[in-house]
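One structure below.
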Amino acid sequence: MSYIITRLFSGLFLLISHLSVAQTEPLAPLSVRPLLTADSLYQAALAEPQSKALNNNLFIPETPGNLESKVMALRLFYNQNLERLAVPLATVNQKYDALNPQVKRFALPAALVGIGFVGLGRNHIFDYDAEIHEDIMEEHAGFRTTIDDHTRLVPLVAVYGLNLAGIKGKHNLVELSIIALTTDYLSGIITNNIKTLTREHRPDGSNDDSFPSGHTSSAFSKATILWQEYKDVSIWYGVGGYAFASATGALRMLNKKHWLSDVLAGAGVGILTTQAVYAVYPWVQQKIKHTIPALAEKQLMVMPAYTQGSIGFSMVYALNKPNQAKYTAKAKR
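Under mature numbering (1 follows the signal peptide of the UniProt record, and there is no 0), the residues of the sequence shown are numbered -22 to -1, 1 to 311, in order.
In structure tokens form, the structure reads like this:
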């Protein structure tokens, strides 16, 4: 059972890493990419009578004497028919390119959330929940740990640790803190609201707020921050973050706190929320700078704050704008 869970979540975070990698090869222009359409299939069907003799040749038994003629028949057949299947995308009213990385990065988390919803209620469509839980009860009935409360935090701790060590990511510490708090807040709201709506019971029967997994949502949200910040430095930072997130999901299942569908949906919510925040943050950043000129002039400093169990922001506003020329002159001396 442990082997199955390990393989499952190893495949999950490797798939996430693969789909998150930026497109390295330029895509062909939309106007020259082929697309399979009903019209192109119809046009290809019209070519069938003319190529019938060639098509029959494809099923002649291979012998040293007729092998060359069979290969030529194959080439001619496909050249005649596949050209009719190639229709420029420009002739089709397609608003978004499905191969675009901006679209692709939302596809996997959305699919994970969808799979999780399919698994609600222990149905026959998605019956892995009950099977995996039965195996866990047989092999790890006495397993208990609280380490999953801490593994979900490791990716975010790594982000701050790397920054403090001088390995800079995509954003500075202030921007990073804003992104981290925003994603944590949004994923928490989404997760808790879904829990209230679904009222799914936990495997151990302790309560009915199992779906989706909040620990897994938090872990994958933080792992995606690590990925986004350092994917251009080294992909292994992100892979390591997703490894800890996957381990968190597996431990929640071993602790009998969540079903597989809870964990998959939680991972999807965490990734989707973080990807959305990173997508809109540049726009929000520009709006803030135009609304609060002091922020653009670096007179306003925003920092995360933690006081008496509450997380928030602290702000410092410089009443006197620093004289940059004065400091530059002193530095030259």
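We put the beta carbon where it would ideally sit given N, CA and C, even for glycine.
Taking C-alpha positions only, alanine 225 is separated from aspartate 127 by approximately 11 Å.
Here leucine 142 is exposed, its C-beta having fewer than 16 other C-beta atoms within 10 Å.
Aspartate 107 sits close to glycine 97, with the two beta carbons spaced by under 7 Å. Here the segment 197 to 209 does not lie against the segment 172 to 179, with fewer than 3 beta-carbon pairs under 8 Å apart. Setting aside the 5 residues that flank it on each side, leucine 232 is surrounded in the same chain by Ile114, His118 and Phe121, each with a C-beta closer than 7 Å to its C-beta; the list follows chain order. A residue is called buried when at least 16 other Cβ atoms come within 10 angstroms of its Cβ; tyrosine 163 does not meet this threshold and is exposed. Annotation: arginine 180 is outside any alpha helix (DSSP H) and is labelled neither H nor E by DSSP. Within the segment 74 to 161, the alpha helix (DSSP H) runs of at least 4 residues that lie entirely inside it are, in chain order, 79 to 96, 106 to 117, 126 to 129 and 132 to 142. For tryptophan 214, the enclosing alpha helix (DSSP H) stretches over residues 213 to 232. Phenylalanine 198: member of the alpha helix (DSSP H) spanning 192 to 208, first to last residue. In this structure, DSSP gives serine 188 a state outside helix and strand, which the three-state scheme calls coil. By the neighbour-count criterion, in which a residue is buried when 16 or more other Cβ atoms sit within 10 angstroms of its Cβ, valine 262 is exposed.
At the C-beta level, glycine 94 and serine 239 come within 7 Å of one another.
Assigned with DSSP and collapsed to three states, tryptophan 261 falls in helix. Its chain contains Ser165, Ser195, Phe198 and Ser199 as the residues whose beta carbon lies nearer than 6 Å to that of glycine 248, once the 5 sequence neighbours on both sides are disregarded; these appear in chain order.
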